[in-house]
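Enquirer: I have a structure here, written as structure tokens, and I will follow up with some questions on it.
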Amino acid sequence: MHNYLQSSSDKFLDVELPKIIENCDTVGQAKHQAYTLWNREYRMCPDLSYEGLMDHVVEMWNEHWSKYNMGGFGTSTAAVAAGGSPNPNPATEEYNGSGWATGGAMGTGRSQLYSAGTQTAGLVAGAGTPNAQTEEYGGTSWTAGGNLNNGRYSQGGFGTQTAAVATSGYNPPSFVTDTEEYNGTSWSEGNNASVARADVGTGGSLTAGIIFGGQGPTPQVANTTDSTELYDGTNWTTGPNLNNSRSQLGGSGIQTSALAYGGRFTPPGSVLRAFTEQYDGTSWSEVGDLA
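Count the sequence shown with the working numbering and you get residues -18 to 272, in order.
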């Protein structure tokens, strides 16, 4: 009997719990689902108490999800990853083309943040709460910058530490169209985007930027959008739509040569997308999917 219970305990920790962690959106949801299954089928396992179960859930959650909703900037050989969830995180890591090393911690832990710039001149702003705080990275440490005029999170943006654009995002209970420009010292109001949304893909510079996809209150497919907008440093204009509507997608490149990749379709079911599309300044075309 003991061997059977041990086997059952191992199955729960090695098979069932990872599935729960993968498919939950919050650690609280994971705890609830794990407890429900444990109480129904694994309660008799002598080495899997309720307290032990909760410890396993939190540990596995942190291992699996500690690096999402981060900010990032730089190049493939000199990159920075900052912040992240599930707990607002101040950690910074630097990539040199082959491996990651610890960088200076941000002054404020945050996730779902705006980011732009290079490894030696980076910028983050906003975050889930929401907040309006801005920090600048000099390659070693962070210093406080000028606050956004409108706090928000899951905003898009592009540019450099001294010539940046932050636009769109979410300030509960509303998706927003606010656009702000940063000059290295302070944020100033720009002309608003046309589509209220968050979790967009982005690329470009202050005078030639692009945002695409995202999610918002006026759905085209569920609550995701395929909309593209182009920024010239003053005004937004409507660009051609993506072929595949999605939010929380990756974006890179410049206004006339951009990539949109990955993302998710929500709701229903938080369906993950592998689509990759390329923009040539005129239209989007599908290229090879993510593996």
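Beta carbons: idealized from backbone N, C-alpha and C, even for Gly.
Which full runs of the beta strand (DSSP E) of 3+ residues lie inside the region 79 to 106, going along the chain?
Expert: Counting only runs of 3 or more residues that sit fully inside the region 79 to 106, the beta strand (DSSP E) segments are 81 to 83 and 95 to 99, in chain order.
Enquirer: Run the CB neighbour count on residue 69, radius 10 Å, all protein chains shown included, and call it buried at 16 or more, exposed below.
Expert: By one-based count along the sequence shown, residue 69 stands at place 88. Label assigned to residue 69: buried.
Enquirer: Do residue 270 and residue 238 have their beta-carbon atoms positioned less than 8 Å apart in this structure?
Expert: The residue you call residue 238 lines up with position 257 of the sequence shown. The residue you call residue 270 lines up with position 289 of the sequence shown. It is not a contact, given that the beta carbons lie outside the stated cut-off.
Enquirer: On a CA-only basis, which of 101, 84 and 9 is nearest residue 42? Give me that one, please.
Expert: As a first step, residue 42 must be located in the sequence shown, where it is residue number 61. Per the C-alpha coordinates, the member of 101, 84 and 9 positioned closest to residue 42 is 9.
Enquirer: Can residue 61 and residue 84 be called in contact, C-beta distance under 8 Å?
Expert: By 1-based counting over the sequence shown, the position of residue 61 is 80. By 1-based counting over the sequence shown, the position of residue 84 is 103. The answer is yes: Cβ separation under 8 Å.
Enquirer: Starting from the Cα of residue 172, find the closest Cα among 65, 188 and 29 and give me that residue.
Expert: The residue you call residue 172 lines up with position 191 of the sequence shown. With distances taken between Cα atoms, residue 172 lies closest to 188.
Enquirer: Helix, strand or coil: which one does DSSP assign to residue 148?
Expert: By 1-based counting over the sequence shown, the position of residue 148 is 167. Residue state, collapsed to three classes: strand.
Enquirer: Which same chain residues, not among the five before or five after residue 19, have their C-beta less than 8 Å away from its C-beta?
Expert: As a working mapping, residue 19 is identified with position 38 in the sequence shown. The residues are -7, 29, 31 and 34.
Enquirer: Using a Cβ distance threshold of 8 Å, determine whether the region 162 to 170 contacts the region 215 to 226, with at least three qualifying pairs required.
Expert: no
Enquirer: Assign residue 249 to one of three DSSP states: helix, strand, or coil.
Expert: Your numbering for residue 249 matches position 268 in the sequence shown. Bear in mind that a pLDDT of 48 at residue 249, under 50, signals an unreliable position, so the number given afterwards is only what the model happens to contain. Residue state, collapsed to three classes: coil.
Enquirer: Counting only runs that start and end within the region 174 to 233, where is the beta strand (DSSP E) found for 3 or more residues in a row?
Expert: 182 to 186, 189 to 193, 209 to 212 and 217 to 220
Enquirer: In three-state terms, what does DSSP make of residue -7?
Expert: In the sequence shown, counting from the first residue as 1, residue -7 sits at position 12. In the structure shown, residue -7 sits in a helix (DSSP, three-state: H, G or I).
Enquirer: Can you name, in chain order, every residue of its own chain whose Cβ lies under 6 Å from the Cβ of residue 205, other than the five neighbours on each side?
Expert: If you number the sequence shown from 1, residue 205 lands on position 224. So the list reads 196, 226, 227, 228 and 246, once near-sequence residues are dropped.
Enquirer: Residues in its own chain within less than 7 Å of residue 178 by CB, not counting five upstream and five downstream?
Expert: Against the sequence shown, residue 178 aligns to sequence position 197. For residue 178, where only same-chain residues beyond five positions count, the Cβ hits under 7 Å are 149, 156, 195, 196, 197 and 206.
Enquirer: Return the CA-CA distance between residue 249 and residue 5, expressed in angstroms with no decimal places.
Expert: What you label residue 249 is simply residue 268 of the sequence shown in a count that begins at 1. What you label residue 5 is simply residue 24 of the sequence shown in a count that begins at 1. Low confidence applies here, because residue 249 scores a pLDDT of 48, under 50, leaving its location unreliable; read the following figure in that light. Using only the alpha carbons, I get a separation of about 14 Å.
Enquirer: With distances taken from CA atoms, which of 211, 54 and 242 is nearest residue 263?
Expert: Here residue 263 corresponds to residue number 282 of the sequence shown, with the count starting at 1. Here the closest residue by C-alpha is 211.
Enquirer: By the DSSP assignment, the beta strand (DSSP E) with residue 118 in it spans what residues?
Expert: Taking the sequence shown and counting its residues from 1, the one referred to as residue 118 is at position 137. DSSP places residue 118 in the uninterrupted beta strand (DSSP E) bounded by 112 to 118.
Enquirer: Take residue 71 and list the residues in its own chain whose beta-carbon comes closer than 6 Å to its own, dropping the five residues that flank it on each side.
Expert: Residue 71 sits at position 90 when you count from the first residue of the sequence shown. Excluding residues within five positions, the ones whose Cβ falls inside 6 Å are 86, 87 and 90.
Enquirer: Cα separation between residue 81 and residue 97?
Expert: Indexing the sequence shown from 1 puts residue 81 at position 100. Indexing the sequence shown from 1 puts residue 97 at position 116. Their backbone Cα atoms lie some 19 Å apart in a straight line.
Enquirer: How should residue 56 be labelled, buried or exposed, when 16 other C-beta atoms within 10 angstroms of its C-beta is the threshold for buried?
Expert: In the sequence shown, the residue the question calls residue 56 occupies position 75. Label assigned to residue 56: exposed.
Enquirer: Between residue 147 and residue 137, what straight-line distance do the alpha-carbon atoms span, to the nearest angstrom?
Expert: If you number the sequence shown from 1, residue 147 lands on position 166. If you number the sequence shown from 1, residue 137 lands on position 156. Cα-Cα distance, rounded: 6 Å.
Enquirer: Since I believe residue 78 is in contact with residue 107 (beta carbons under 8 Å), could you give me their beta-carbon distance rounded to a whole number of angstroms?
Expert: Translated into the one-based positions of the sequence shown, residue 107 becomes position 126. Translated into the one-based positions of the sequence shown, residue 78 becomes position 97. In fact, because the Cβ distance is near 29 Å, the residues do not count as touching under 8 Å.
Enquirer: Hey, out of 215, 154, 152 and 76, whose CA is closest to residue 53's CA?
Expert: Against the sequence shown, residue 53 aligns to sequence position 72. Looking at the Cα atoms, 76 is the closest of the given residues.
Enquirer: Between the Cα of residue 101 and the Cα atoms of 23, 49, 109 and 116, which residue gives the shortest distance?
Expert: Within the sequence shown, the letter at position 120 stands for residue 101. Considering only alpha carbons, the answer is 116.
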